[in-house]
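If you want our numbering, it's the position in the sequence shown, counting the first as 1, plus 241.
Note that CB positions come from ideal geometry on N, CA and C, so glycine has one too.
This structure is a prediction, so every number in the text was calculated from the model and none was measured.
Written below as structure tokens is the structure these notes are about.
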Amino acid sequence: MAAATEAKTVHSAVVTYVSMLSLLSLCPPFVILLWYTMVHADGSVSQTWNFLKQHGLQGFIEIWPRPTATAWKIIFVYGVFEAALQLFVPGKRIEGPISPTGNQPAYKANGMAAYFVTLVTYISLWWFGIFNPTVVYDHLGEIFSALIFGSLVFCIFLYIKGHVAPSSTDSGSSGNLIIDFYWGMELYPRIGKNFDIKVFTNCRFGMMSWAVLAVTYCIKQYEVNGKVSDSMLVNTTLMLVYVTKFFWWEAGYWNTMDIAHDRAGFYICWGCLVWVPSVYTSPGMYLVNHPVNLGTQLALYILVAGILCIYINYDCDRQRQEFRRTNGKCIVWGKAPSKIEATYTTTSGETKTSLLLTSGWWSLSRHFHYVPEILAAFFWTVPALFNHLLPYFYVVFLTILLFDRAKRDDDRCRSKYGKYWKLYCSKVPYKIIPGIH
Ligand code: NDP
Numbered sequence: 242m243a244a245a246t247e248a249k250t251v252h253s254a255v256v257t258y259v260s261m262l263s264l265l266s267l268c269p270p271f272v273i274l275l276w277y278t279m280v281h282a283d284g285s286v287s288q289t290w291n292f293l294k295q296h297g298l299q300g301f302i303e304i305w306p307r308p309t310a311t312a313w314k315i316i317f318v319y320g321v322f323e324a325a326l327q328l329f330v331p332g333k334r335i336e337g338p339i340s341p342t343g344n345q346p347a348y349k350a351n352g353m354a355a356y357f358v359t360l361v362t363y364i365s366l367w368w369f370g371i372f373n374p375t376v377v378y379d380h381l382g383e384i385f386s387a388l389i390f391g392s393l394v395f396c397i398f399l400y401i402k403g404h405v406a407p408s409s410t411d412s413g414s415s416g417n418l419i420i421d422f423y424w425g426m427e428l429y430p431r432i433g434k435n436f437d438i439k440v441f442t443n444c445r446f447g448m449m450s451w452a453v454l455a456v457t458y459c460i461k462q463y464e465v466n467g468k469v470s471d472s473m474l475v476n477t478t479l480m481l482v483y484v485t486k487f488f489w490w491e492a493g494y495w496n497t498m499d500i501a502h503d504r505a506g507f508y509i510c511w512g513c514l515v516w517v518p519s520v521y522t523s524p525g526m527y528l529v530n531h532p533v534n535l536g537t538q539l540a541l542y543i544l545v546a547g548i549l550c551i552y553i554n555y556d557c558d559r560q561r562q563e564f565r566r567t568n569g570k571c572i573v574w575g576k577a578p579s580k581i582e583a584t585y586t587t588t589s590g591e592t593k594t595s596l597l598l599t600s601g602w603w604s605l606s607r608h609f610h611y612v613p614e615i616l617a618a619f620f621w622t623v624p625a626l627f628n629h630l631l632p633y634f635y636v637v638f639l640t641i642l643l644f645d646r647a648k649r650d651d652d653r654c655r656s657k658y659g660k661y662w663k664l665y666c667s668k669v670p671y672k673i674i675p676g677i678h
């Protein structure tokens with residue numbers, strides 16, 4: 242019954258129903274409208290709005306591309322290629338965090354190699370004239386449409402698997418079909434012993450598609466205009482630096498909420514399979530048809546500011562993980578770290594201790610790492626300048642997501658650590674923005 246307690250403490254049932262219904266009913270059409278507006282309506286929300294006002298539901302049905310054989314083929318080949326890399330590229334064996342029922346999943350840390358092989362293969366296919374990435378851009382709507390339906394079926398598979406063939410004891414039912422489907426049942430679902438489904442959906446399909454599509458947009462602009470604008474270069478470089486950082490640190494990601502606490506359900510898997518390739522990459526999608534000339538100096542300022550934010554975000558995560566890995570025996574900002582020894586009880590009744598870092602980045606606020614995360618997204622969007630607001634959708638969405646996540650994480654830690662979390666909050670009183678929030 243582990244999932245039941247988890248699901249109930251994450252959000253109330255009402256919030257779960259509202260959030261699930263809105264995700265199911267609003268997100269798929271939003272993905273299509275976002276793509277349509279960026280690619281066919283000049284990035285202008287009012288243009289799309291006027292079209293819909295004029296043509297109504299029939300117009301919307303006409304906008305929605307049907308998944309074609311080409312779209313399915315692209316998704317299939319990409320998915321199989323990434324799954325093969327995940328399974329067969331060598332990597333160090335890494336143990337993840339101990340789960341609430343005391344399991345410790347093991348992973349193969351081959352993300353950076355898979356990322357490198359993917360980008361080199363993709364760019365080589367284009368360079369040697371074997372496959373032109375503009376095909377992906379030209380079928381983007383059909384690909385998103387296929388992903389929307391394919392991922393829904395995949396989430397149903399996860400739900401059934403959670404019921405009939407769970408991979409470990411870290412699985413359970415809340416007794417409510419909707420909550421089980423939405424928040425997921427299994428924490429570490431696997432196919433066989435070695436193929437970790439969440440590593441595939443979150444990292445190798447979702448995050449990898451971000452880099453692949455960033456490169457695609459860049460190549461499309463080059464093929465159309467014979468050159469790449471400096472705005473597109475800044476956008477692509479920052480997104481690639483961010484995704485490179487992600488794969489560099491992928492084993493660290495396996496210790497975060499997404500993997501260690503959130504179960505494999507619609508919320509996280511559909512998000513990674515559909516929302517990441519469409520919404521996360523959308524500033525680049527916009528720039529393809531809107532090349533802005535920033536000038537070298539402004540382009541460099543934005544680039545440096547973005548890289549700095551990505552570095553700070555990385556350093557926050559690194560500091561916390563190094564601190565935990567060395568059991569507090571490390572140096573934080575030139576000094577021995579200050580910390581709280583927090584004890585808690587696992588669901589099996591065992592008493593354990595975790596260390597909470599209260600110095601370095603982690604003394605500024607309890608989720609300071611979200612500040613540079615949001616700013617980095619702003620810096621890879623701002624090359625689009627301010628002719629249209631839609632390219633900023635990802636920044637707004639990310640801000641809402643991370644503020645909600647900070648609340649979810651605080652609630653979870655409060656119930657896990659009790660008085661120790663209270664002590665931590667008195668030492669580090671701000672949730673995200675030091676001095677303000
Ligand atoms: P983490 O899971 O990395 O950190 C939160 C966890 O760390 C808590 O649940 C707690 O886990 C532990 N913890 C909390 N405070 C402390 C402390 N003071 N000292 C030591 N451990 C502590 O956070 P996220 O998963 O939210 O973020 C990871 C990265 O992913 C960040 O860089 C974030 O910006 C990024 N991210 C990006 C998103 C995107 O869509 N672009 C979405 C979400 C995150 P425990 O139970 O072990 O104590």
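Buried or exposed, going by whether 16 or more other CB atoms sit within 10 Å of the CB of residue i?
i      : result
Leu399 : buried
Ile641 : exposed
Val669 : buried
Asn351 : buried
Arg307 : exposed
Asn291 : exposed
Ile420 : buried
Gly514 : One point to set straight first is that residue 514 is Leu, not Gly, in the sequence displayed. Burial call: buried.
His678 : exposed
Leu267 : exposed
Asp645 : exposed
Pro270 : exposed
Phe317 : exposed
Ser408 : buried
Arg334 : exposed
What separation, rounded to the nearest whole angstrom, lies between the Cα atoms of residue i and residue j?
i      : j      : result
Thr588 : Ser340 : 10 Å
Ser285 : Leu418 : 39 Å
Tyr423 : Phe395 : 12 Å
Phe372 : Gly590 : 56 Å
Asn435 : Tyr319 : 20 Å
Trp574 : Tyr258 : 44 Å
Cys510 : Lys439 : 7 Å
Ser365 : Asp556 : 32 Å
Val465 : Tyr458 : 11 Å
Pro369 : Leu597 : First, the amino acid is wrong: residue 369 is Phe here, not Pro. Each residue's alpha carbon lies about 52 Å from the other.
Phe441 : Asp471 : 33 Å
Ala354 : Val330 : 7 Å
Ala312 : Leu262 : 27 Å
Gln299 : Trp305 : 10 Å
Ala243 : Glu427 : Confidence at Ala243 is low in this model, with a pLDDT of 36, below 50, so the placement of that residue is unreliable and no value is reported for it.
Ile277 : Thr289 : Checking the sequence, you will find Tyr at residue 277 rather than Ile. Distance between the alpha carbons of Tyr277 and Thr289 is about 8 Å.
Leu274 : Asn496 : 35 Å
Thr342 : Ser414 : 15 Å
Gln349 : Ala492 : Just to set this straight, residue 349 is Lys in the shown sequence, not Gln. Cα to Cα, the separation comes out at about 9 Å.
Thr309 : Ile384 : 8 Å
Arg559 : Asn568 : 14 Å
Gln295 : Phe301 : 10 Å
Leu544 : Thr522 : 17 Å
Asn476 : Gly512 : 22 Å
Met498 : Asp650 : 8 Å
Val623 : Ala254 : 38 Å
Pro518 : Leu454 : 7 Å
Tyr363 : Ser604 : 42 Å
Pro374 : Asn554 : 31 Å
Val358 : Ser386 : 27 Å
Taking 8 Å as the line, does the beta carbon of residue i fall inside it for any heavy atom of the ligand GDP?
i      : result
Leu596 : Looking at this structure, you won't find the ligand GDP anywhere; what it does contain is the ligand NDP.
Practice problem: Would you check if the region 522–532 and the region 396–411 touch, i.e. whether three or more CB-CB distances between them fall below 8 Å? | Solution: no
Quiz item: Which runs of the alpha helix (DSSP H) fall wholly inside the region 577–652 and span at least 4 residues, in chain order?
Solution: 611–622
Quiz item: Which parts of the region 383–423 are runs of the beta strand (DSSP E), unbroken and 3 residues or longer, counting only runs that do not cross its ends?
Solution: none
Quiz item: Along the chain, which unbroken stretches of the alpha helix (DSSP H) at least 4 residues long are found entirely within the region 285–313?
Solution: 286–304
Quiz prompt | Unbroken stretches of the alpha helix (DSSP H), 4 residues or longer, contained in the region 446–489 | solution = 449–466, 471–489
Quiz item: Looking at C-beta atoms only, is the number of pairs between the region 617–624 and the region 653–664 that lie closer than 8 Å three or more?
Solution: no
Quiz item: How do the region 506–526 and the region 544–551 stand: do at least 3 beta-carbon pairs fall below 8 Å, yes or no?
Solution: no
Practice problem: Kindly confirm or deny that the region 476–488 and the region 441–453 touch, where touching means at least three C-beta pairs closer than 8 Å. | Solution: yes
Quiz item: Is it a yes or a no for the region 630–646 touching the region 576–583, going by three-plus beta-carbon pairs under 8 Å?
Solution: no
Self-check item: Length-filtered (3 minimum) beta strand (DSSP E) runs lying within the region 513–576
Solution: none
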